[in-house]
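Chains as they are written, first to last, in numbering that gives the first Met the number 0: chain A, 0 to 407; chain B, 0 to 294; chain C, 0 to 329.
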Amino acid sequence: MPPQRDFAPSTAPLTRRSLLTGAAWAAGAVALGRGSFVVPPAWGQSNPIKVGIATDLTGPIGFAGKANANVASMVASDINAKGGVLGRSLQLFIEDTASNESVAVNNVRKLIQRDRVDVVFGGITSSMRNAIKDVIVTRGKTLYIYPQLYEGQECTPYIFCTGPTPAQQCDEFIPWLIKNGGKRFALPSANYVWPKLLNQYARKVIQANGGEVVFEEYYPLDQVEYSATVNKIMTNNVNVVFNTVIPPGVGPFIKQLYEAGFTKRGGRLSCVYYDENTLNINAAHEFEGLASCLDYFRAIKDPFSAKLQADYDKLYPGTVLFTAGSAATGMYRGLKLWESAVNKAKKVDRDTVAAAFDRARIEEGPGGAAEMVPGKRHCKMNMYIAVAKNGNYEVVSQSKGLVDPKEC
Amino acid sequence: MTRNQDRVIAVENIVSVGFDLASFSAIMVLMVTGLGVIASMMGVFNFAHGEFLLLGAYTVYLTHSHGYPVWAGMVVAPFAVALVGLALERGVIRFFYAEPVVAMLGTYAIGLVIRESVRGLIGGLYHSVPDPLIGSFSLGAVQLSRWRCVIILVTAIVIAVFWFVLTRTGLGLTIRASLENPALARASGISTNRVYALTFAVGAGLAGLAGGLMVPIFSMFADLGVRFLIQGFLAVLLGGVGSFEGPALGAAVIGVLSAGLPWVLSPVLADVLVFVIAIVIVKFRPAGLLSTQRS
Amino acid sequence: MILVLELVLLAVGLGLPLVLDHFWIVLATRIVLVCLPALSFDLLWGYSGIMSFGQALFYGTAAYSAALLARDLGFTSIFVVVPACTVIGLVLALIMAWFLLLGRYPPSTIFVALGTLTGAYAADRLARGWYYLGGQNGIPSIPPLTAGSFTIAEGPVYYYLALVVLVVVYALCRALVRSQFGLVLAGIRQQEERISFLGYRVQHFKAIVFTLAGGICGLSGALAAFHDGFVWPNMLGVLLSTQIVLYVLFGGVGTLVGAVIGVAGIEYVSFLLADNFQTFWPILLGLLLLFVVLFRPSGLVGLVVTERERFGRFGRAPVRPEAGGSHGAA
C-alpha cells in the first residue's frame, strides 16, 4: 500500500533511480542488478544473523521505502548495541525493490540465494508483496514479515503481517465517520487489489451500521482528471468520501474535490493510508477535516512513542518521516516481535522461529503494545482516529485496547 | 424533482463537462501544435516532445522550490524550453531531416536522456506545485477552477497570436510556405535552415508552456511526458500533417475524447478506447481529417 | 565473420552454467529469454523495414495467457502452454498485421511505428485496469512449468531449455533470411517500390514476417512467465517495447546475431553499473543510443562484421535526392 509525498532531495540530489509501475514507460535498462547495501554489524562479524530488508528505496513508493530502511537500520543498531540476539549480532542486507516488481524479484533472489538471509522484512504495496513472496517463501523457504497496512487475506504460511488490516481500520472508523459525516458514502478507488478488497470489507461495515454506498469506482493509477467523479459526489449528496485513490491521482483528486466545495457544504473526506508524509501532497486548506485511522500518529502522547519518534528524527532529520502509512511502524513492530521470537526460540531456523513468532508480544511499540494472534499470523495493535486541522493531525479517538485483526 | 430542476442539473453538467474538456484540450492543443508543425515542416516525429513538456513542468517546479512565485516559473518555462529546443535542433536534430525513421530513433534517444536526467534530479519521486491562483469561480452551482480558466485563456491568446502571425505577417507566410511545400519553399529561396530552427524552438516553447501551465493540476514526475507524447502523435496523425489547423483539431478531438469518455464509460475502458478510436480513424483517413499537404 | 560470432556465442552459452552459481544462472536465463523478442524485432526492422515499437504487446499477451492458463485452467505442462501461447502470439500479430499493414494504401513507416506503439500502450493500460488480469498488480505466484511429472524449475534446467529454444528459433530465422523469401525481404528493405513493381505483394510479405515475429515473442513470453513466476503490466507496454528496439540497435540491426549481442551487452553492462552508477546508467544508455543512431548505425556488430555481410542497415542517407523520404509523415 503506497502513500508517499514530496521528497526534497536534501542530502543526495542524485538519489537511486526508479522504474515506475503506475504510469511508467521510462525506458531504462532492465537492469537486473540493482542497488543493494549491506549494513555490517558493529561487532561479531564472524557469525551474524542475516536479516534481509527488501523495500522500495526509489519510485513513487520510494518515500515510504526509505523510512522502512531507516527504521530497520535504527532498530538493528539498537539491538546490536544491547548485545544482539542470542549473542549474535544482526547484519542487515538492504535491497531496493524500486517500486518495480520485476526488478524486485531479482533483487530478492539475491537476498535469498546469494546472501542467504535468515528472514526477510519488506514489501510495501500488495503487488510487491505478491511478487516477492514466492521467491522468499516458496522457492526460498525463508520467513517473510510484511509490515504494511493492506487488504488482508494473506494467509500463506510463513508470512506474518504486522500492519493494520481492514478490520482494524474500518470496524471503529466507519461508525465514527457515520456519526461525524453522514450516511451516504462514496468509494473512489485506485484500480488494484488493495482498494478492491478493502472496499468489499468497508461496504459490509457501512451497511451494517446503517450507511449506504452511493457509488464505488476504480480509476487508473495515473489518472489526474477527476471532474466526472467530483461531479458525481456533489450531485448525489455524498456525505463521506472513503478515498482509496493513491498518488499520483490523490493530490489532484483532493484538490478538485475541495474546489468543488465538498468540505464547505459539510462533506467528510476520509483516507485510511493518509499519514503525515502524504499530508504534504496537498495544501493544508485542501485536506482540512480529513479523517484517517491508523496504528500511529505523531500526535500520540504516550512516552515510548514520543521517545522513539525523537530518536528517529535525530538520526534521520529531514523529510523522510516515521509514520504509520509508510510501513515504518509495522517494520518496527515486526523487527521487535521477531527479536523476541528468536530470543524465545533460541534458534534461528525458520520453523522454530515461526512457531515462536506466532505467539510473540512486545509491550512497547509505536502506538502501544503489539501481539500476534496465534495461528492467524496477524497482529493485534492499538488503532487511532485522527482528523487533519490546519495542516496537522489531531487525534480524536483511540481504541479501547488492542484491536483484533480478524484475518485468516 | 421538477422538470426545471432536471434541466438545471443537465445544464450544470454540460457546463462542467464542457469546461473540463476545454481545459484539458487546451493543454493538448498547445503541445500538439508544436509537435504537428515540426512534423509537417521537417518530417521529424519528435519523440522528445513529451520531454519538452516535462522540462516546462520542471522549470516551474525548480523556480518554485527556490522560492520564486509559481507564475514566474511559468513565464520563464516556454523561453527556457525554446532555448533547449533550439540547441537541440542546431546540434543534433538537423541531421535527421532526410530520414523520418532515424529522426524517430534519434529524438527518442534524446528524450530518454532528458527524462532520465530529470528523474535523477528530482529523486525519482512525485512533487506537487501549488496553483498560482487558488480557488474557483461560481457559475450558479457549478464551480470553475480559476487556474483552469487561466489555462484556457492563455491557450486562446497564444493560438490567436499565432494565427495572426501566420496569416497576416511576412514571417507567417514564409512559415506557411515551408509547412505546405518545403521543397518548393527551398527552391523559392527561403532559408529553410532558419525557418526550421525557429519552428523547432517555437514548437518546443509551446510544449514548455503547456507543461508549465499544467503542472499545478497534474503532479510533476519524470514520466509525465510519455502519455502526452502518444496522445500527441495520434492527434497529429488524426488532424493531418501539413497545416497549422490540422494538429490543433486533432488535439481538440483527442482532448475531448480523453477528458469526455470517462463521464460516460468506466474510466479504465475510456482510457483504452481513446487510443483505439484514434488509431482506427487514422487508419481509415491516413491523410488526417484536415490534411492540406500536397504529396 | 557472422558465423564465427554465432559459434562463439553458442559455445559461451552452453558453457555458462558450468561456471556460474545458481543466482547468476537465473539471471542468464532471463537474458536468453529476452533475446527472443530482440530477434523478432531484428527480423522486422533489419530485414523487412517494419519499425515495430510494440513487440512487447505479443510478449506480454502470451505471458498473461500463460499465467491465466496456469491460474484458471491449471495447465502448466510445457507441451500445452508453450504451443498455445505461441499461437496466441501468432494470431494477435496476424490481426495487428491485418489492421496496420494490409489495406488499400500501403502504410507509412511512421504509421506502423505509431500503430504498434499505440497497440502496446493500449494493452498496457487495459491490463492495468482490468481486475481479472490482476490490474496494477499483475498475476503473481504462477506455478512452475511441468513436463509430465517433472517440474522445470529455475536454474540450469530452465537455462538449457531457454537456450535450446533460442538456438532453434535463431536457426529457423537464419534459414528464413537466407532463403528466397529472405531475398525478397532484403529487396523490400532496400527499395520497396521496386520490389512491388516486380510483382511481389510486398504487404503480404511484411504481414507474414510480422506474424512470425509475433509468434516468436509469444513463445518467449510464455517461457518468461513461468520462469519469473509472475506477470505484470510492464511486460506489455511501451517501456519493454522500446528497450527491445534499443537492444537491437545497439547490437547491430540486420544481422540476427546483433540482436543477441545487443541484449547480452546491455544487460551485462547495466548489471555491472547498477550498483555504482544507477542514476547515470539510463542517461548513458540514451546517449549511447544517440551515438549509435548518428554515427554508428551498424551497431556493435558493425565493429567486426563487414558491410557486405550485413543484410540491412539504416542510418543517415547518403546525399542523394530521395523521392518519398525527404519530409512529411504520410
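All C-beta atoms in this analysis are idealised placements derived from N, C-alpha and C, irrespective of residue type, glycine included. The structure presented is a predicted model; accordingly, all values stated were derived computationally and were not measured.
Step through the CB atoms of chain C and report whether any lies within less than 8 angstroms of the CB of residue i.
{"i": "residue 386 of chain A", "result": "no"}
{"i": "residue 111 of chain B", "result": "yes"}
{"i": "residue 115 of chain B", "result": "yes"}
{"i": "residue 23 of chain B", "result": "no"}
{"i": "residue 238 of chain A", "result": "no"}
{"i": "residue 99 of chain B", "result": "yes"}
{"i": "residue 67 of chain B", "result": "no"}
{"i": "residue 84 of chain B", "result": "no"}
{"i": "residue 87 of chain B", "result": "no"}
{"i": "residue 104 of chain A", "result": "yes"}
{"i": "residue 129 of chain B", "result": "no"}
{"i": "residue 107 of chain B", "result": "yes"}
Run through DSSP, which three-state label would residue i get?
{"i": "residue 34 of chain C", "result": "helix"}
{"i": "residue 273 of chain A", "result": "coil"}
{"i": "residue 60 of chain B", "result": "helix"}
{"i": "residue 371 of chain A", "result": "strand"}
{"i": "residue 243 of chain A", "result": "strand"}
{"i": "residue 58 of chain C", "result": "helix"}
{"i": "residue 275 of chain B", "result": "helix"}
{"i": "residue 149 of chain A", "result": "coil"}
{"i": "residue 286 of chain B", "result": "coil"}
{"i": "residue 362 of chain C", "result": "Here chain C covers residues 0 to 329 and nothing more, so residue 362 of chain C does not appear."}
{"i": "residue 28 of chain A", "result": "Bear in mind that a pLDDT of 24 at residue 28 of chain A, under 50, signals an unreliable position, so the number given afterwards is only what the model happens to contain. DSSP places residue 28 of chain A in coil when its eight states are reduced to three."}
{"i": "residue 195 of chain A", "result": "helix"}
{"i": "residue 265 of chain B", "result": "coil"}
{"i": "residue 148 of chain B", "result": "helix"}
{"i": "residue 95 of chain A", "result": "strand"}
{"i": "residue 33 of chain A", "result": "Unreliable placement is indicated for residue 33 of chain A, whose pLDDT of 37 sits below 50; no coordinate value is reported for it."}
{"i": "residue 0 of chain C", "result": "coil"}
{"i": "residue 179 of chain A", "result": "coil"}
{"i": "residue 89 of chain A", "result": "strand"}
{"i": "residue 298 of chain B", "result": "In the structure as shown, chain B begins at 0 and stops at 294. Residue 298 of chain B is therefore absent and cannot be evaluated."}
Can you find a C-beta in chain A that's less than 8 angstroms from the C-beta of residue i?
{"i": "residue 8 of chain C", "result": "no"}
{"i": "residue 12 of chain C", "result": "no"}
{"i": "residue 231 of chain C", "result": "yes"}
{"i": "residue 71 of chain C", "result": "no"}
{"i": "residue 45 of chain B", "result": "no"}
{"i": "residue 12 of chain B", "result": "yes"}
{"i": "residue 59 of chain B", "result": "no"}
{"i": "residue 140 of chain C", "result": "yes"}
{"i": "residue 21 of chain C", "result": "yes"}
Is any beta-carbon of chain B found at less than 8 angstroms from that of residue i?
{"i": "residue 30 of chain A", "result": "Because residue 30 of chain A sits at a pLDDT of 28, beneath the cut-off of 50, its placement in the model cannot be relied upon, and the point is left open."}
{"i": "residue 25 of chain C", "result": "no"}
Report yes if the C-beta of residue i is less than 7 angstroms from at least one heavy atom of the ligand GTP; otherwise report no.
{"i": "residue 65 of chain A", "result": "Judged by which ligands are present, the structure shown has none, so any question about the ligand GTP falls away."}
For the segment 177–204 of chain A, which residues have a beta carbon sitting closer than 9 angstroms to at least one beta carbon of chain C? Residues passing the 9 angstroms Cβ filter: 189, 190, 191, 192, 193, 195.
I want to know whether the segment 74–93 of chain C touches the segment 214–229 of chain C - three or more CB-CB distances under 8 angstroms. Between the segment 74–93 of chain C and the segment 214–229 of chain C, the count of C-beta pairs closer than 8 angstroms reaches three or more; the two stretches touch.
Stretch-stretch touch, CB-based, cutoff 8 angstroms, three pairs: the segment 224–232 of chain B with the segment 57–65 of chain B: By the Cβ criterion, the segment 224–232 of chain B is not in contact with the segment 57–65 of chain B, since fewer than three pairs of Cβ atoms, one from each stretch, lie closer than 8 angstroms.
Whether or not the segment 252–259 of chain C and the segment 84–91 of chain B are in contact is what I'm after, with contact meaning three or more pairs of Cβ atoms, one per stretch, closer than 8 angstroms; do they touch? By the C-beta criterion, the segment 84–91 of chain B is judged not to be in contact with the segment 252–259 of chain C, since fewer than 3 inter-stretch pairs fall below 8 angstroms.
For the segment 120–134 of chain C, which residues have a beta carbon sitting closer than 9 angstroms to at least one beta carbon of chain A? Contact annotation: in the segment 120–134 of chain C, residues whose CB is within less than 9 angstroms of a CB in chain A are 120, 123, 124, 127, 128, 129, 130, 133, 134.
Say whether the segment 377–385 of chain A touches the segment 396–407 of chain A, bearing in mind that this needs 3 or more beta-carbon pairs closer than 8 angstroms, one atom from each stretch. With the cut-off at 8 angstroms, the segment 377–385 of chain A and the segment 396–407 of chain A touch.
Which ranges does the beta strand (DSSP E) cover as unbroken runs of at least 3 residues, wholly within the segment 117–175 of chain C, from first to last along the chain? With a minimum length of 3 residues, the continuous beta strand (DSSP E) runs that stay inside the segment 117–175 of chain C are 144–146, 149–151.
Three CB pairs or more closer than 8 angstroms across the segment 233–240 of chain A and the segment 132–141 of chain C: At 8 angstroms Cβ cutoff, the stretches do not touch.
Report yes or no: do the segment 50–70 of chain A and the segment 122–134 of chain A share at least 3 C-beta pairs separated by less than 8 angstroms? A contact exists between the segment 50–70 of chain A and the segment 122–134 of chain A.
When you check each C-beta in the segment 92–121 of chain C against every C-beta of chain B, which residues fall closer than 9 angstroms? Within the segment 92–121 of chain C, the qualifying residues are 98, 99, 102, 104, 106, 107, 108, 109, 110, 112, 113, 114, 116, 117, 118, 120, 121.
Could you name each continuous beta strand (DSSP E) segment of 3 residues or more that falls completely within the segment 296–379 of chain A, going from the start of the chain to the end? 369–371, all fully within the segment 296–379 of chain A.
Just checking, does the segment 311–323 of chain A make contact with the segment 68–76 of chain A on the three C-beta pairs under 8 angstroms criterion? Put simply, the segment 311–323 of chain A touches the segment 68–76 of chain A. At least three CB pairs are less than 8 angstroms apart.
Would you mind listing the alpha helix (DSSP H) stretches within the segment 188–225 of chain C that are 4+ residues and don't spill past its ends, in chain order? Runs found: 191–196.
Residues of the segment 208–223 of chain B in Cβ contact with chain E at a cutoff of 7 angstroms, in chain order, please. Protein chains in the displayed structure are A, B and C, and chain E is not among them.
Using a beta-carbon distance cut-off of less than 8 angstroms, what residues from the segment 90–101 of chain A approach chain C? Those residues of the segment 90–101 of chain A that come within reach of chain C (Cβ to Cβ, closer than 8 angstroms) are 99, 100, 101.
Flag this pair as touching only if the segment 112–128 of chain C and the segment 106–118 of chain B have three or more C-beta atom pairs under 8 angstroms; answer yes or no. By the C-beta criterion, the segment 112–128 of chain C is judged not to be in contact with the segment 106–118 of chain B, since fewer than 3 inter-stretch pairs fall below 8 angstroms.
What are the residues of the segment 190–209 of chain B that lie near chain A, defined by any Cβ-Cβ distance shorter than 8 angstroms? Per Cβ criterion, the list is empty.
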